[in-house]
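Engineer:
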Amino acid sequence: MESTPSPTGSQKSAADLPSTLLSLPTEVLARIVELSARQDESYWERVLAAATDRELEMVHLLDGAGMSLSNLSLVNKQLHGLCCAHLFKTLRSSRAILPAFRYYVCAAYSRHFTRVIFDNDTEEEALAYTLSSSTAFPNLRSLSVHRAAAIVLLGKSLTKDDVLNEDEEKDARKSTFRRLAAKVPRLALLGPFRGEAATMLRCFANLTSLELAIHSPDQNKDGGLTNALASLTNLRRLSLAATNLQGRLNAAWGETRWAFEETLTSFALKMEKLDAATWSFGTRFTSSLQQLRLEFDDASIPHLDCADSHSVLLACEAQTHPWSIVSACKALHTLHLCCPAPAALAILGGLLAHGDSKLRRLDLSLEDLPDIQWDDEDASPRLSLLLLAPSLTRLSLTSLSSHIRMPSVSTLALRAFCDAQGITLDSQSGLWEPFLRTGRGSEGVLRSAFTDRRCDVAKEILEWAVRYNERLRSTEDAEGVEDLLGLLENLKARKMLEED
Numbered sequence: 000m001e002s003t004p005s006p007t008g009s010q011k012s013a014a015d016l017p018s019t020l021l022s023l024p025t026e027v028l029a030r031i032v033e034l035s036a037r038q039d040e041s042y043w044e045r046v047l048a049a050a051t052d053r054e055l056e057m058v059h060l061l062d063g064a065g066m067s068l069s070n071l072s073l074v075n076k077q078l079h080g081l082c083c084a085h086l087f088k089t090l091r092s093s094r095a096i097l098p099a100f101r102y103y104v105c106a107a108y109s110r111h112f113t114r115v116i117f118d119n120d121t122e123e124e125a126l127a128y129t130l131s132s133s134t135a136f137p138n139l140r141s142l143s144v145h146r147a148a149a150i151v152l153l154g155k156s157l158t159k160d161d162v163l164n165e166d167e168e169k170d171a172r173k174s175t176f177r178r179l180a181a182k183v184p185r186l187a188l189l190g191p192f193r194g195e196a197a198t199m200l201r202c203f204a205n206l207t208s209l210e211l212a213i214h215s216p217d218q219n220k221d222g223g224l225t226n227a228l229a230s231l232t233n234l235r236r237l238s239l240a241a242t243n244l245q246g247r248l249n250a251a252w253g254e255t256r257w258a259f260e261e262t263l264t265s266f267a268l269k270m271e272k273l274d275a276a277t278w279s280f281g282t283r284f285t286s287s288l289q290q291l292r293l294e295f296d297d298a299s300i301p302h303l304d305c306a307d308s309h310s311v312l313l314a315c316e317a318q319t320h321p322w323s324i325v326s327a328c329k330a331l332h333t334l335h336l337c338c339p340a341p342a343a344l345a346i347l348g349g350l351l352a353h354g355d356s357k358l359r360r361l362d363l364s365l366e367d368l369p370d371i372q373w374d375d376e377d378a379s380p381r382l383s384l385l386l387l388a389p390s391l392t393r394l395s396l397t398s399l400s401s402h403i404r405m406p407s408v409s410t411l412a413l414r415a416f417c418d419a420q421g422i423t424l425d426s427q428s429g430l431w432e433p434f435l436r437t438g439r440g441s442e443g444v445l446r447s448a449f450t451d452r453r454c455d456v457a458k459e460i461l462e463w464a465v466r467y468n469e470r471l472r473s474t475e476d477a478e479g480v481e482d483l484l485g486l487l488e489n490l491k492a493r494k495m496l497e498e499d
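Residues in the sequence shown are numbered consecutively from 0, following numbering that gives the first Met the number 0.
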């Protein structure tokens with residue numbers, strides 16, 4: 000009887016791969032799927048941010064084709080089921096021009112869609128396809144609309160030469176959108192809207208969450224935006240992105256006070272620079288606010304010794320410093336600061352100086368977080384700030400740089416302090432955030448290393464990629480990836496022991 004020839008090394012690894020993957024616990028597989036989804040999101044963010052053909056070529060070379068999740072879903076039925084919730088979570092109108100669009104939104108997957116994005120650079124026919132498909136999504140919770148798409152959805156045309164026999168089609172499209180909007184609780188108006196913003200808001204009778212960009216006081220011309228906001232009685236979450244509006248937010252927003260300002264539980268404000276007038280605008284939302292997110296690049300905050308809690312308290316009571324408004328949020332339990340570290344520490348000092356803070360979660364996403372030393376002789380004032388928040392239970396630190404691993408998070412002083420105070424130190428929540436934030440220097444060595452080269456031929460590009468791969472291994476990014484792999488291995492081992 001002839002013996003079966005033993006498989007070669009490559010055949011062994013290929014044969015062992017499925018069984019190894021299938022042996023992983025469901026929790027580990029779900030984590031792998033989640034990271035694959037974020038990798039694909041990062042790819043599309045980089046594609047949109049690419050300014051030149053060379054940068055776009057670099058994205059395709061290093062980040063793949065944004066198909067990690069799709070490829071993973073083809074491994075087996077279990078992974079396909081885990082991937083579906085991510086693959087079919089968001090539908091973009093720009094994909095409606097693809098030949099496989101009708102299959103993509105077939106009834107078998109409609110229950111997974113929770114968000115629809117109507118893109119700017121989309122043909123009217125694709126917008127109509129997307130709109131008609133969205134009405135069949137039973138779990139749709141969020142709409143994101145760009146201005147050019149909004150014009151079409153509201154029954155208008157992007158071209159000047161309207162045809163009379165198209166009026167019926169436009170009216171039907173407008174009616175369909177209004178019916179869809181009446182059921183959706185979350186809306187994001189993306190880009191520099193004008194009068195269309197007020198018209199859009201009137202379509203959403205049950206809106207609980209709004210993301211709005213304000214670029215000019217002219218957006219509230221004739222009080223249109225003000226009147227539209229009056230109808231949002233159920234609004235609980237508000238996110239504002241204001242550009243070039245230092246000192247003019249009140250003028251752009253309107254002077255009238257609305258009912259939702261007394262019941263708002265979550266408020267996010269993104270600006271280039273914070274000043275006293277901006278904080279004055281924020282007084283509208285302090286009575287019931289539970290979650291506050293502030294994102295800015297610069298702050299006109301006078302210097303104050305945050306270690307001296309008494310002087311901070313006096314400054315807040317006299318409202319001589321703009322962060323006094325933060326301490327007025329008596330119900331605040333979650334604070335997220337995305338800004339330069341000195342400003343974040345100053346705002347934190349103002350919040351905690353009163354001693355009656357109910358803050359339970361603190362998220363700090365700082366540009367220069369690795370530069371803050373928690374284990375030197377000058378660290379005690381920074382650590383003492385946290386003592387002013389006895390209710391604090393979770394601290395999350397994220398560095399807005401290209402490094403995944405942050406030295407300041409792993410220092411013994413900060414970790415020992417948090418352990419002693421019963422505070423959970425979370426350094427994994429923002430693990431992949433640097434790869435998703437293309438606008439704040441997160442490209443790191445990827446973009447600079449490529450644009451400094453002139454890779455005119457495919458061979459030279461491949462040679463550069465090999466050199467970059469060697470460079471990556473010596474950076475903290477690579478160490479961070481190794482740490483993540485270690486965590487997954489430990490989780491896998493623990494789950495297997497529990498099963499035994």
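Using N, Cα and C, we set each Cβ at its ideal position, and we do this for glycine too.
Taking the beta strand (DSSP E) that alanine 241 falls in, what are its first and last residues?
Structural biologist: Unbroken beta strand (DSSP E) run through alanine 241: 236-241.
Engineer: Shortest alpha-carbon distance to cysteine 328 belongs to which of Leu344, Leu336, Pro339 and Arg283?
Structural biologist: Residue Arg283 is the option with its Cα nearest to cysteine 328.
Engineer: Since I believe leucine 288 is in contact with phenylalanine 266 (beta carbons under 8 Å), could you give me their beta-carbon distance rounded to a whole number of angstroms?
Structural biologist: The Cβ separation is near 6 Å, so the contact holds.
Engineer: Under 7 Å between the Cβ atoms of leucine 153 and leucine 186?
Structural biologist: Going by C-beta atoms, leucine 153 is not nearer than 7 Å to leucine 186.
Engineer: Residues in its own chain within less than 7 Å of leucine 206 by CB, not counting five upstream and five downstream?
Structural biologist: Excluding residues within five positions, the ones whose Cβ falls inside 7 Å are Pro184, Leu186, Leu231, Asn233 and Leu234.
Engineer: Got a sec? Which residues, its chain only, sit under 7 Å from arginine 414 by beta carbon, not counting five neighbours each side?
Structural biologist: Taken in chain order, the residues that qualify are Leu424.
Engineer: Which residue marks the beginning of the alpha helix (DSSP H) containing serine 133, and which one marks its end?
Structural biologist: From DSSP, the alpha helix (DSSP H) with serine 133 extends over 123-133.
Engineer: Any idea if isoleucine 96 is buried or exposed, counting beta-carbon neighbours within 10 angstroms, 16 or more meaning buried?
Structural biologist: Result: exposed.
Engineer: Does DSSP put methionine 270 in a helix, a strand or coil?
Structural biologist: In the structure shown, methionine 270 sits in a strand (DSSP, three-state: E or B).
Engineer: Going by DSSP in three states, alanine 106 sits in which element: helix, strand or coil?
Structural biologist: Alanine 106 falls in the helix class under three-state DSSP.
Engineer: Quick check on this structure: which residue in Pro341, Asp418 and Ile422 has the alpha carbon closest to the alpha carbon of leucine 358?
Structural biologist: If we check each option's Cα against that of leucine 358, Ile422 comes out closest.
Engineer: Going by alpha carbons, who is nearest to serine 238 out of Glu261, Ala388, Trp257 and Ile213?
Structural biologist: The option with the nearest alpha carbon to serine 238 is Ile213.
Engineer: What residue does the alpha helix (DSSP H) around threonine 175 start on, and which one ends it?
Structural biologist: First-last of the alpha helix (DSSP H) with threonine 175: 166-180.
Engineer: Helix or strand or just coil, what does DSSP make of isoleucine 116?
Structural biologist: It is a strand residue.
Engineer: Taking all protein chains shown into account, do 16 or more other C-beta atoms lie within 10 angstroms of the C-beta of aspartate 118, making it buried, or fewer, making it exposed?
Structural biologist: The residue is buried, with at least 16 neighbouring Cβ atoms inside 10 Å.
Engineer: Is the beta carbon of leucine 179 sitting closer than 7 Å to the one on serine 133?
Structural biologist: Taking 7 Å as the Cβ cut-off, leucine 179 and serine 133 qualify as a contacting pair.
Engineer: DSSP puts arginine 201 in a beta bridge; with which residues?
Structural biologist: Partner(s): none; arginine 201 has no beta bridge.
Engineer: Answer yes or no: do leucine 86 and phenylalanine 112 have a C-beta to C-beta separation smaller than 7 Å?
Structural biologist: It is not a contact, given that the beta carbons lie outside the stated cut-off.
Engineer: I need the DSSP call for glutamine 290, collapsed to helix, strand or coil.
Structural biologist: Looking at glutamine 290 - three-state DSSP - the assignment turns out to be strand.
Engineer: Alpha carbon to alpha carbon, how far is arginine 30 from tryptophan 257?
Structural biologist: The straight-line gap from Cα to Cα measures roughly 42 Å.
Engineer: Alanine 227 lies in the alpha helix (DSSP H); which residues open and close that run?
Structural biologist: Here the alpha helix (DSSP H) through alanine 227 covers 223-228.
Engineer: Who are the near neighbours of tyrosine 128 in its chain, counting only those whose CB is closer than 6 Å to its CB and skipping five residues on each side?
Structural biologist: These residues qualify, in order along the chain: Ala95.
Engineer: Which residues share a DSSP beta bridge with valine 144?
Structural biologist: DSSP, once it has assigned bridges, lists Phe117 and Leu188 as partnering valine 144.
Engineer: Check for me: the beta strand (DSSP E) holding histidine 111 runs from which residue to which?
Structural biologist: No beta strand (DSSP E) contains histidine 111, which DSSP labels as neither H nor E.
Engineer: Given a threshold of 16 other Cβ atoms within 10 Å of its Cβ, counted over all protein chains shown, does glutamate 271 qualify as buried or as exposed?
Structural biologist: So glutamate 271 ends up on the exposed side.
Engineer: Rounded to the nearest angstrom, how far is the Cβ of arginine 236 from that of threonine 264, given a contact under 8 Å?
Structural biologist: Contact flag correct, Cβ pair sits at about 7 Å.
Engineer: By how many angstroms is the C-alpha of alanine 419 removed from the C-alpha of glutamine 204?
Structural biologist: Correcting the residue type first, residue 204 is alanine in the shown sequence and not glutamine. Computed Cα separation, rounded: 49 Å.
Engineer: Contact defined as beta carbons within less than 8 Å: I believe alanine 196 pairs with leucine 209. What is the distance between those atoms, to the nearest angstrom?
Structural biologist: The Cβ separation is near 10 Å, so there is no contact.
Engineer: How about histidine 335 and arginine 292: are their beta carbons less than 7 Å apart?
Structural biologist: Yes, Cβ-Cβ distance for histidine 335 and arginine 292 is below 7 Å.
Engineer: According to DSSP, is cysteine 83 helix, strand or coil?
Structural biologist: Reduced to three states, the DSSP call for cysteine 83 is helix.
Engineer: Among Ala343, Ser356 and Leu347, which has the Cα closest to the Cα of leucine 525?
Structural biologist: Any question about residue 525 goes unanswered here, given that the chain covers just 0 to 499.
Engineer: What is the DSSP secondary structure of cysteine 417, counted as helix, strand or coil?
Structural biologist: Here cysteine 417 sits in helix by DSSP.
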